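Colleague: One structure coming up, written as structure tokens, with questions to follow.
Residue numbers (the working numbering): 12 to 151.
Encoded structure:
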């Protein structure tokens, strides 16, 4: 088994049921022989990190328009939304303690609000759409 290669791993020592392997990144790791032979283990863990970085960072950045992650501005509300609308929250007025709704968006780390709506639907259809039109970059 010495010098056999699977993915980024090269066997440097046969330990019986396990193999000591040298990864292309320079780290050594011990893997189960049956997983190595089946091709289930391909690296010391660096391959997963590299793939995650590409998928989570680089592909995320590709979807930005003028620095704004436009794919996050969907119409679908999160599961934990208390109003049923994305970018709409409840609040109570200071003096009369009446329930009101506000629309909000975050663009480049800055939050923008449009408040004073009587219903969540109104806050979304009027307030949220206004904020998106005003603060989001135009898609090409």
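Every residue gets a Cβ at the ideal spot worked out from N, C-alpha and C, and that includes glycine. All figures in this text were calculated on a predicted structure; none of them were measured in a lab.
If I follow the unbroken alpha helix (DSSP H) through residue 135, where does it start and stop?
Modeller: Neither: residue 135 is in no alpha helix (DSSP H) and is coded neither H nor E.
Colleague: With H, G and I counted as helix, E and B as strand and the rest as coil, what does DSSP make of residue 111?
Modeller: Strand at residue 111.
Colleague: The beta strand (DSSP E) spanning residue 57 covers which residue range?
Modeller: Not the beta strand (DSSP E): residue 57 falls in the alpha helix (DSSP H), residues 57–64.
Colleague: When the Cβ atoms of the region 56–67 are set against those of the region 96–108, are three or more pairs found closer than 8 Å?
Modeller: Not touching, per the Cβ criterion.
Colleague: Tell me which residue opens and which closes the beta strand (DSSP E) that residue 44 is part of.
Modeller: Premise fails: residue 44 lies in the alpha helix (DSSP H), 44–49, not in any beta strand (DSSP E).
Colleague: Considering only the alpha carbon of each residue, which of 87, 39, 12 and 109 lies closest to residue 27?
Modeller: The candidate whose alpha carbon is nearest that of residue 27 is 12.
Colleague: Leaving out the 5 sequence neighbours to the left and right, which residues in its chain are closer than 7 Å to residue 88 when beta-carbon positions are compared?
Modeller: Excluding sequence neighbours, residue 88 sits near 95, 96 and 97.
Colleague: Examine the Cβ distances between the region 62–72 and the region 29–47 and report whether three or more of them are shorter than 8 Å.
Modeller: The region 62–72 is not in contact with the region 29–47.
Colleague: What whole-angstrom Cβ distance do residue 128 and residue 103 have, given they're in contact under 8 Å?
Modeller: Not quite, the Cβ-Cβ distance comes to about 13 Å (not below 8 Å), so this is no contact.
Colleague: Can you tell which of 90, 136, 121 and 120 has the C-alpha that lies nearest to the C-alpha of residue 114?
Modeller: The shortest Cα separation from residue 114 among 90, 136, 121 and 120 belongs to 136.
Colleague: Does the beta-carbon of residue 125 have 16 or more other beta-carbons within 10 angstroms, so that it is buried, or is it exposed?
Modeller: Residue 125 comes out buried.
Colleague: Going by DSSP, which residues form a beta bridge with residue 31?
Modeller: Residue 31 pairs with 24 and 41.
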